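Position in the sequence shown counted from 1, then plus 1, gives you our numbering. We put the CB at the ideal spot given by N, CA and C, even for glycine. For clarity, every value in this text was computed on a predicted model and none was experimentally measured. Report on the following structure.
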Amino acid sequence: MAQKLYVGNLSYNTTEDTLRTLFAEYGEIQSVNLIMDRDTGRPKGFAFVTMSTQAEAENAIVMFNEKNADDRTIKVNIARPREERPHMGRFDSRR
Numbered sequence: 002m003a004q005k006l007y008v009g010n011l012s013y014n015t016t017e018d019t020l021r022t023l024f025a026e027y028g029e030i031q032s033v034n035l036i037m038d039r040d041t042g043r044p045k046g047f048a049f050v051t052m053s054t055q056a057e058a059e060n061a062i063v064m065f066n067e068k069n070a071d072d073r074t075i076k077v078n079i080a081r082p083r084e085e086r087p088h089m090g091r092f093d094s095r096r
């Protein structure tokens with residue numbers, strides 16, 4: 002079963018291709034999602050990497066957590082489920 006990893010404290014120079022190459026050494030990558038700031042278009046410094054199996058994900062954590070990548074000490078752990086956030090839509094005048 003696929004397992005999503007959180008990868009934090011990334012250099013702003015890190016790309017999805019860099020992460021794909023790095024993590025592919027330890028298993029099959031299903032997806033890489035580098036989170037970008039919607040206003041500036043620049044990376045926010047974290048990403049999600051989905052590995053094909055739990056064992057590959059655990060191996061990647063052991064190999065990369067607290068290790069150096071692009072001159073930064075990165076954090077790698079199992080991603081937590083996304084929390085629901087209040088919708089910040091337009092003001093509804095019908096209330």
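Per DSSP, cross-strand counterpart(s) of A70: Position 69 of the sequence shown holds residue 70. In the DSSP output, where bridge partners are listed per residue, A70 has R73.
From N78, P82 and T51, residue whose alpha carbon lies closest to that of G28: For the purposes of this step, residue 28 is taken as residue 27 along the sequence shown, with counting starting at 1. For the residues N78, P82 and T51, the minimum Cα distance to G28 belongs to T51.
Beta-carbon proximity of V1 to V33, cut-off 8 Å: Within the shown structure, residues of the chain are numbered from 2 to 96, placing residue 1 beyond reach of any answer.
8 Å Cβ shell around R81 - same chain, five flanking residues per side excluded: Mapped onto the sequence shown, residue 81 falls at position 80. Counting only Cβ-Cβ distances below 8 Å, and skipping sequence neighbours, we find Y7.
Bridge-paired residues (DSSP) for Y7: Residue mapping note: residue 7 aligns to position 6 of the sequence shown, counting from 1. Partner(s): F49 and N78.
Option nearest N10 by Cα separation, candidates D72, T19 and E85: Within the sequence shown, the letter at position 9 stands for residue 10. Residue D72 is the option with its Cα nearest to N10.
Three-state secondary structure assigned by DSSP to N34: Residue mapping note: residue 34 aligns to position 33 of the sequence shown, counting from 1. Note: N34 maps to strand in three-state DSSP.
Per-residue burial, A61 [other beta carbons within 10 Å of its own, 16 or more giving buried]: For the purposes of this step, residue 61 is taken as residue 60 along the sequence shown, with counting starting at 1. With 16 or more other Cβ atoms within 10 Å, it is buried.
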